[in-house]
Ligand SMILES: [Mn+2]
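In full-length UniProt numbering, the protein residues as written are 1 to 228.
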């Protein structure tokens, strides 16, 4: 697995990003339909946590096979990998955060999910006309994005990328240098929240909120509101 991936700009259609999905691909598709998402031209970027909690986790393999869908690895994908690959996972906690669909599969059926999750980068950089946009699941481990590609060799750095809530908890608005914007999820927010140039996109579309689709070219939220 290469933990860092770069993607060229989309010169044909729109690039949109979404926060944590957590097994709600049906709701996500409805949201994409509502904004006229065109799978022939547009791309959708996910900040990870594709599975657990919602009813559609098994659909994740079909979604990851879509050529227009690009995701980074969230901490929930890491839980599945660690469970099958001998890492330490507290089973009670994993089940409590929605991992039952995975834990109840026979090991042989768990394997394709883990293999797909292992292919996901921890950090992704997408070019836009106005500069690069970064994505990772939780928080940037560095104030300079240029340090990320090599830094990801370190497990402690990957852990910050996938688990940290420091920036939101400390309301740190220091921008991440080298990026136009960094898009993250992991910690739910009532509405899309920007700290510095870091956009927190997990607006609980998987729970009582709704998905927020962010247009990467304009850095505007294009998804309909709950009462639209
Ligand atoms: Mn998470």
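A virtual CB, placed ideally from N, CA and C, is assigned to each residue, including glycine.
Local Cβ density within 10 Å of residue i, reported as buried at 16 or more and exposed below that
i	result
residue 218	exposed
residue 162	buried
residue 78	buried
residue 226	With a pLDDT of only 49 at residue 226, under 50, the local geometry of the prediction cannot be trusted, and no value is derived from it.
residue 228	Confidence at residue 228 is low in this model, with a pLDDT of 43, below 50, so the placement of that residue is unreliable and no value is reported for it.
residue 146	exposed
residue 229	Limits of the chain in this structure are 1 at one end and 228 at the other, which puts residue 229 out of reach.
residue 164	buried
residue 88	exposed
residue 59	buried
residue 203	buried
residue 236	It is not possible to answer for residue 236, since the shown part of the chain is limited to 1 through 228.
residue 112	exposed
residue 140	buried
Heavy atom of ligand 3 within 6 Å of residue i beta-carbon
i	result
residue 196	Annotation note on ligand 3: not contained in the displayed structure, which lists ligand 1 as its ligands.
Residue i, enclosing alpha helix (DSSP H) - first and last residue
i	result
residue 114	107–118
residue 125	Note, residue 125: premise wrong, no alpha helix (DSSP H); beta strand (DSSP E) at 123–128.
residue 158	155–163
residue 43	No alpha helix (DSSP H) contains residue 43, which is instead part of the beta strand (DSSP E) from 43–46.
residue 166	166–169
residue 60	60–64
residue 11	Note, residue 11: premise wrong, no alpha helix (DSSP H); not H, not E.
residue 76	75–84
residue 101	100–103
residue 91	91–94
Residue i: first and last residue of the uninterrupted beta strand (DSSP E) it sits in
i	result
residue 131	131–136
residue 199	198–200
residue 184	181–184
residue 18	15–18
Residues that DSSP places opposite residue i in a beta bridge
i	result
residue 221	214
residue 147	Paired residue(s): none; residue 147 is not in a bridge.
residue 32	Looking at the DSSP assignment, residue 32 forms no beta bridge with any residue, so it has no partner.
residue 177	144
residue 70	45
residue 4	123
residue 195	198
Distance CB(residue i)-CB(residue j) smaller than 7 Å
i	j	result
residue 213	residue 223	yes
residue 290	residue 120	No answer is possible for residue 290: it lies beyond the span of the chain, which begins at 1 and ends at 228.
residue 192	residue 221	yes
residue 118	residue 84	no
residue 16	residue 44	yes
residue 65	residue 114	no
Meets three-Cβ-pair contact criterion under 8 Å: the region 181–201 and the region 150–158: no
Three-pair Cβ contact test at 8 Å for the region 136–146 versus the region 85–105: no
The region 26–35 / the region 124–131 touching (three or more Cβ pairs under 8 Å): Too few Cβ pairs lie closer than 8 Å, so no.
Touching by the beta-carbon criterion (3+ pairs, under 8 Å), the region 4–12 and the region 198–210: no
Segment contact flag, the region 54–72 with the region 80–97, C-beta cutoff 8 Å, min 3 pairs: no
Three CB pairs or more closer than 8 Å across the region 21–30 and the region 40–54: Yes: at least three Cβ pairs fall under 8 Å.
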